[in-house]
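S.K.: What follows is a single structure, and I will ask about it in a moment.
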Amino acid sequence: MSPPTPPESGRKRPVTIRDIARAAGVSAATVSLALRNNPQISAAVRSRIQSVARQLGYRPNPLLAAYQAQVRSLKPVTFQAAIAWISDHPRDDFWEPPWNRPLFEGARARAEALGYTLDPIWIPGLSKEDWKANVRQFERVLRARGIHAVLLPGLDRAHHAVAPWSDFAVACIGRHRLQIERSIHPVDAPCEHHTIHQDDYANTRLALRMLREAGCRRIGLALSIWEDRATDGLSSAACLRQASEWPAKERVPILYRDEPEPVAAWVRKHAVDAVVCSHSDVPKGIELAGRKIPRDVRLAHLNLAADVAGWSGIDRRPDQIGSAAVDLVTAHLVRNERGVPPCAKEVLIEGRWVEGTT
């Protein structure tokens, strides 16, 4: 099979869809669908047409694609497709409280801007024994509803994050963990889907740096073992890395507790003048130590939400995380990519510092 004859000028003209159609013996419409991995075309035919396109040296025009996307964005939006927002939390109203709502609202706003609806769907009754059957049954329900994209945010159990979801474009929000049988110790779930979450390492370093710039010199990190595991140890790793740049006399050991009594003893023992934390009970420990906030001890929270309104700390920008998750899953939906990807992407969203009263 020979490529198209170049123009007389000697410069090769761009290979078009019509060129591929003639070489493959199919219609231009079939080529267009095949190049977009559209399942209306059989896998064998898609593979053959894509092979022909590669042999001919076909390259899509990114400027034309951008122009077409802009034209589409100016047209009135009609909702023709839905994205499932799946929760298996024991409470079906888990996303209603104000500390969870921004993530969902950010995703919903972005979905609607792109012409999708975001359907929150609660899955009750999941158990370790029947989760595979549960997923298969649920996939049938989604297909019947015409849903082809799935977001898995903050699952109570990680089983859905390790399911193949063969007929769906999938993105996970946050880190997903499985529980070892008959053990309280979590291990990393082998999540093979695209994932998006906050950048805990960068966020912790930002909080430490801002306290340092404010003049604090005995800065400590106080968080529970559970919180540290929930971030894959990235918060403690960031603290150790940042502290390595400080004089030895200014380094404070990490406290893997957040209850008032241990916090109070730690603050007194190490003369702490600033605390980075992720639990709203930490101020009780500082006050128990006889210190005033922010006069004696500055305080920064790693996840500013409704329960710590007014604090200084990190806004994780959950609305942007939700929005980016929709961008991630719809990009794969448009390219007709389904199931477990050959190479999963991990997208990190950095937070921003908010100066509060602490």
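12 is the number of the first residue of the sequence shown in this note's numbering; add one for each residue after it.
Here a beta-carbon is modelled for each residue, glycine too, at the ideal position from N, C-alpha and C.
These figures come from a predicted structure and were not determined experimentally.
Could you pull out every residue in the same chain whose Cβ sits closer than 7 angstroms to the Cβ of Glu357, ignoring the five residues on either side in sequence?
M.R.: As a working mapping, residue 357 is identified with position 346 in the sequence shown. So the qualifying residues of the chain are Thr206.
S.K.: By a C-beta neighbour count over all protein chains shown, 10 Å radius and 16 as the cutoff for buried, is Ile28 buried or exposed?
M.R.: Taking the sequence shown and counting its residues from 1, one reaches residue 28 at position 17. Looking at its Cβ environment, which holds 16 or more other Cβ atoms inside 10 Å, Ile28 is buried.
S.K.: May I have the straight-line CA-CA distance separating Gln253 from Ala300, to the nearest angstrom?
M.R.: Residue mapping note: residue 253 aligns to position 242 of the sequence shown, counting from 1. Residue mapping note: residue 300 aligns to position 289 of the sequence shown, counting from 1. The alpha-carbon atoms of Gln253 and Ala300 are separated by roughly 26 angstroms.
S.K.: Using beta-carbon positions only, say whether Thr341 and Ala93 come within less than 9 angstroms of one another.
M.R.: In the sequence shown, counting from the first residue as 1, residue 341 sits at position 330. In the sequence shown, counting from the first residue as 1, residue 93 sits at position 82. Not in contact: Thr341 and Ala93 (Cβ atoms no closer than 9 angstroms).
S.K.: For the segment 212 to 221 against the segment 264 to 277, do three or more pairs of beta-carbon atoms, one drawn from each stretch, fall closer than 8 angstroms, so that the two count as touching?
M.R.: No, the segment 212 to 221 does not touch the segment 264 to 277.
S.K.: Can you tell me the Cα-Cα spacing of Arg302 and Pro258, whole angstroms?
M.R.: Stepping through the sequence shown from its first residue, residue 302 is reached at position 291. Stepping through the sequence shown from its first residue, residue 258 is reached at position 247. If I take the Cα positions, the gap works out to 24 angstroms.
S.K.: Measuring alpha carbon to alpha carbon, tell me which residue in Glu256, Glu238 and His204 is nearest Arg223.
M.R.: As a position in the sequence shown, residue 223 is number 212, starting the count at 1. The option with the nearest alpha carbon to Arg223 is Glu256.
S.K.: Helix, strand or coil, according to DSSP, for Asp30 in the structure here?
M.R.: The residue you call residue 30 lines up with position 19 of the sequence shown. Looking at Asp30 - three-state DSSP - the assignment turns out to be helix.
S.K.: Kindly list the residues whose CB is nearer than 8 angstroms to the CB of Pro273, restricted to its own chain and excluding five residues on each side of it in sequence; keep chain order.
M.R.: Sequence index remark: in the sequence shown, residue 273 carries index 262 (1-based). Closer than 8 angstroms at the Cβ level, and outside the excluded window around Pro273, lie Leu266 and Gly296.
S.K.: Report, in whole angstroms, the separation of the C-beta atoms of Ser289 and Glu238, which I expect to be a contact under 8 angstroms.
M.R.: Within the sequence shown, numbered from 1, the residue matching residue 289 stands at position 278. Within the sequence shown, numbered from 1, the residue matching residue 238 stands at position 227. Indeed, because the Cβ distance is near 5 angstroms, the residues count as touching under 8 angstroms.
S.K.: Which residues bound the beta strand (DSSP E) around Gln51?
M.R.: The sequence position of residue 51 within the sequence shown is 40, counting from 1. No beta strand (DSSP E) contains Gln51, which DSSP labels as neither H nor E.
S.K.: Determine, using beta-carbon pairs with one atom in the segment 145 to 153 and one in the segment 303 to 313, whether at least three such pairs fall under 8 angstroms.
M.R.: Counting Cβ pairs under 8 angstroms, fewer than three are found: no touch.
S.K.: Alpha carbon to alpha carbon, how far is Ser177 from Pro329?
M.R.: What you label residue 177 is simply residue 166 of the sequence shown in a count that begins at 1. What you label residue 329 is simply residue 318 of the sequence shown in a count that begins at 1. If you take the alpha carbons of Ser177 and Pro329, they lie about 28 angstroms apart.
S.K.: Do you know offhand how far Ala32's Cα is from Glu348's?
M.R.: Translated into the one-based positions of the sequence shown, residue 32 becomes position 21. Translated into the one-based positions of the sequence shown, residue 348 becomes position 337. Roughly 23 angstroms separates the two Cα atoms.
S.K.: Give me whichever residues DSSP pairs with Pro357 in a beta bridge.
M.R.: Taking the first residue of the sequence shown as position 1, residue 357 is located at position 346. In the sequence as displayed, the identity of residue 357 is Glu instead of Pro. Its beta-bridge partners are Thr206.
S.K.: Going straight from the alpha carbon of Trp364 to that of Met221, what length do you get?
M.R.: Stepping through the sequence shown from its first residue, residue 364 is reached at position 353. Stepping through the sequence shown from its first residue, residue 221 is reached at position 210. Whole-angstrom Cα-Cα distance: 8 angstroms.
S.K.: For Gly21, which residues of its own chain have a beta-carbon under 7 angstroms away from its beta-carbon, when the five flanking residues on both sides are left out?
M.R.: One-based indexing of the sequence shown puts residue 21 at position 10. Note on Gly21: pLDDT 48, under 50, position unreliable in the model; no value is reported.
S.K.: Tell me the DSSP bridge mates of Val287?
M.R.: Against the sequence shown, residue 287 aligns to sequence position 276. Paired residues: Leu232 and Ala311.
S.K.: Which whole-angstrom value is the C-beta distance of His208 and Arg186, which I expect to be below 8 angstroms?
M.R.: The residue labelled residue 208 in the question sits at position 197 within the sequence shown. The residue labelled residue 186 in the question sits at position 175 within the sequence shown. Yes, they are in contact, since the Cβ atoms of His208 and Arg186 sit about 6 angstroms apart, within 8 angstroms.
S.K.: Let's test the definition: count the other Cβ atoms within 10 Å of the Cβ of Pro50 and tell me whether it reaches 16, buried, or not, exposed.
M.R.: Along the sequence shown, read from residue 1 onward, the residue named residue 50 stands at position 39. It is exposed - the Cβ of Pro50 has fewer than 16 other Cβ atoms within 10 Å.
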